[in-house]
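Novice:
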Amino acid sequence: MPRYCRYLRKSRKDLQAEMHGEGETLARHEKILTDLAFGMGIVVEETYREIVSGESIAARPEMLRLLDDIENDKWDGVLVVEIERLARGDSRDQGLLLETFKYHNVKIITPLKTYDPNDEFDEEYAEFGLFMSRREYKTIKRRLVNGKKAAAKEGKFVGALVPYGYEKIKLDSDKGYSLRPVPREAEVVRSIFEMYTRGTVETKGRPVGMQSIATILNDLHIPPQKSDRWAPSTIRGIITNCVYAGKIQYGRRSLGKSVHNGVVTKTYPVNKDYPIYNGIHQPLIDPETWLLSQKIFADRTCVPNFRKYELQNPFASLLRCGECRRSMTRRPLKSGTNRAWIICKTHGCPTVGADLDDVEKRIIDSLAQWLHDYKLELSCTETFTGISPALLTNALSEKQRQADDLKKQLDHVYQLLETDVYSIEVFRERSGTLTDQLNGVKLDLEDLEGQLKKQADREKRRALLIPKFEGLLDHYWELSAGEKNDLLSEVVERIEYFKSSRGTKRTVPDFTLKIYPRL
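For the sequence shown, numbering that gives the first Met the number 0 assigns the number 0 to the initial residue and increments by one for each residue that follows.
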């Protein structure tokens, strides 16, 4: 007894028709083929539903599975709405499909005609139908490409992925789409460019690297567009996207094909010269910031990492090796004196130790000079751009809104239980899921509130910083080692030590220190 199957696939016209409310295509085609099979007395044993769109057969998994089953002599006939639904690829794909049907004697059954690949006239008719289908596909594709180019020249958004910080909107008075800023995300984008070009308060205006920016956003629990955490590559994509400066780019990546061992490989290399047009959307940054960010990116400068370290050892928490970033260790001399050396105990580290007294004196002298310069800086009108305070507030508001929504959903679940809409099992499942989500949001709220309090405490510390520095410097040499460390910990975040060459007892200490005050 002959065995039959049916193959369903959407076309581009079907997708456009669905957008205008003409119903789901595959369901309509399935009914057509069901009626056809009933009228012909055919029993359909299996249905292949192609839910992905692809130009070639290799990009359509259900077609590959159908051809594999035909090669295994599973079917005697395939029902399809139109023969063009089988293949719209190049001549290689069309030839592969027709040869597979021909060599295994499988008929192609459509509502208009039944094709027998072993019949000379049916074979020619099928080849002509697939040829015209290919021409139609290339014509439609050419029109779409030309339309996208024209829209890009007019400043409209033609991309498939909406950039972070924007939402895609339909133009009211014209065809096409544009971008509209999303306030919360737009503030994040502006802060990213500010940190990348002008730095933060902690860096005193020095640009912050992409890794550090990603860390700051992750600490604030600000969600990125797709993944769970920010990454340097995500920051790089934002920094190099001219859409934030009010521009529209087209053709930045173009499709390239190559054949190796009979296999066609697609690549999407970045074009060096691609057109950039003035967009009609609102930019998120000014032209000066955009040009500055691109200059910094082109120079590929190595920006130091200004992440804070949470350390436990009171002494080691201040002095760290500049090479390996590990804590420096105090080692007393064996001569029985009170003198000691500062060394790095990391195996293989090239850092050379120095006399603790020499290091201590250099640190105090450097702090005195820094305090003098800091007073002059505060007396000037120059200010440094910091992280926008709105970032923390927006993140906190967003988490609070999520918590309120989850509470409303949980209340609604209880109402559905009380009105017997939900069973006990459904209620337990839904309430358990919502409770877990709510607990997670509450943890994020506590973290953000803690960071907000830390920010307020930091501003308070800045107001008390100068008196603490003056008190430390005035009485430092009168204090014990423990008291010195307690006062230093209040005004200094960390100190990095650099020394790569050995000296003698009579030479001037040749080490270098980098001190980070606790601002």
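Every residue, glycine too, gets a C-beta built ideally from N, C-alpha and C.
To the nearest angstrom, report how far apart P110 and A185 are at their CA atoms.
Specialist: 54 Å
Novice: Using DSSP with H/G/I as helix, E/B as strand and the rest coil, what is V157?
Specialist: Three-state result, V157: coil.
Novice: Quick one: what's got a C-beta closer than 7 Å to G128's C-beta in the same chain, skipping five residues either side?
Specialist: Sequence-distant Cβ neighbours of G128 in its own chain, meaning closer than 7 Å and more than five residues away, are I82, E83.
Novice: Would you kindly work out how many angstroms separate the C-alpha atoms of G278 and K152, rounded to a whole number?
Specialist: Rounded to the nearest angstrom, the two C-alpha atoms are 8 Å apart.
Novice: Can you check the stretch 55-117 for any alpha helix (DSSP H) of at least 4 residues that lies completely inside it and give the ranges in chain order?
Specialist: 60-70, 90-102
Novice: Where L391 and S211 are concerned, what is the direct C-alpha to C-alpha distance, given to the nearest angstrom?
Specialist: 17 Å
Novice: Just the Cα atoms here: how many angstroms apart are S190 and K513?
Specialist: S190 and K513 have their C-alpha atoms roughly 27 Å apart.
Novice: Taking the straight line between their C-alpha atoms, what separation do you get for Y163 and K498?
Specialist: Approximately 45 Å, taken between the alpha carbons.
Novice: DSSP state of T288, grouped into three classes?
Specialist: helix
Novice: Locate the alpha helix (DSSP H) running through Y496, then write down its first and last residues.
Specialist: Run containing Y496: none in the alpha helix (DSSP H); it sits in the beta strand (DSSP E), 491-497.
Novice: When we look at the beta-carbon of Y114 and count the other beta-carbons within 10 Å, is it buried (16 or more) or exposed?
Specialist: The residue in question, Y114, is buried, as its Cβ has 16 or more Cβ neighbours within 10 Å.
Novice: Using 8 Å as the threshold, is the stretch 200-215 in touch with the stretch 231-244, meaning 3 or more CB pairs across them?
Specialist: yes
Novice: Return the CA-CA distance between M131 and D89, expressed in angstroms with no decimal places.
Specialist: 11 Å
Novice: Residue range of the alpha helix (DSSP H) that R141 falls in?
Specialist: In the DSSP assignment, R141 falls within the unbroken alpha helix (DSSP H) covering 119-152.
Novice: Checking 8 Å against the spacing of the C-beta atoms, do I107 and V80 come in under that value?
Specialist: No, these two residues do not count as a Cβ contact at 8 Å.
Novice: From the DSSP output, in three-state form, read off Y249 for me.
Specialist: coil
Novice: Are the CB atoms of R338 and D357 nearer to each other than 8 Å?
Specialist: no
Novice: Is it the case that the Cβ atoms of R319 and E495 are separated by a distance below 8 Å?
Specialist: For R319 and E495, yes; Cβs fall inside 8 Å.
Novice: Are L375 and V491 close, meaning C-beta to C-beta below 8 Å?
Specialist: no
Novice: Does the beta-carbon of K459 have 16 or more other beta-carbons within 10 angstroms, so that it is buried, or is it exposed?
Specialist: exposed
Novice: Is D92 buried or exposed, if buried means 16 or more other CB atoms sit within 10 Å of its CB?
Specialist: buried
Novice: Any chance you could list the alpha helix (DSSP H) runs of at least 4 consecutive residues sitting entirely within the stretch 197-254, in chain order?
Specialist: 209-218, 231-238
Novice: What three-state label does DSSP hand K9 in the structure shown?
Specialist: coil
Novice: Does the pairing of the stretch 238-249 with the stretch 275-290 give three or more beta-carbon distances under 8 Å?
Specialist: yes
Novice: Is DSSP giving P282 helix, strand or coil here?
Specialist: coil
Novice: If we call anything under 8 Å between Cβ atoms a contact, is L472 one with I363?
Specialist: yes
Novice: Helix or strand or just coil, what does DSSP make of R329?
Specialist: strand
Novice: Have a look at K112, P116, D75 and flag the residue whose alpha-carbon is nearest the alpha-carbon of L95.
Specialist: P116
Novice: For Y3, I'd like the list of residues in its chain whose CB is within less than 8 Å of its CB, leaving aside the five on either flank, ordered along the chain.
Specialist: A36, I41, V42, V43, E44, W74, D75, G76, V77, L78, I108
Novice: Going by beta-carbon coordinates alone, are Y165 and V181 separated by less than 8 Å?
Specialist: yes
Novice: What's the gap between the Cα of Y475 and the Cα of T199?
Specialist: 31 Å
Novice: Using CA coordinates, which residue listed in G146, Q401, V412, P206 is at the minimum distance from D298?
Specialist: P206
Novice: When you compare only the Cα positions, how much space is there between E287 and E489?
Specialist: E489 has its alpha-carbon roughly 38 Å from the corresponding atom of E287.
Novice: According to DSSP, W340 sits in a beta bridge with which residue or residues?
Specialist: Within the DSSP secondary-structure output, W340 pairs in a beta bridge with R330, D354.
Novice: If I follow the unbroken beta strand (DSSP E) through E49, where does it start and stop?
Specialist: 43-49
Novice: By alpha-carbon positions, which one of R324, P516, I342 ends up nearest to P331?
Specialist: I342
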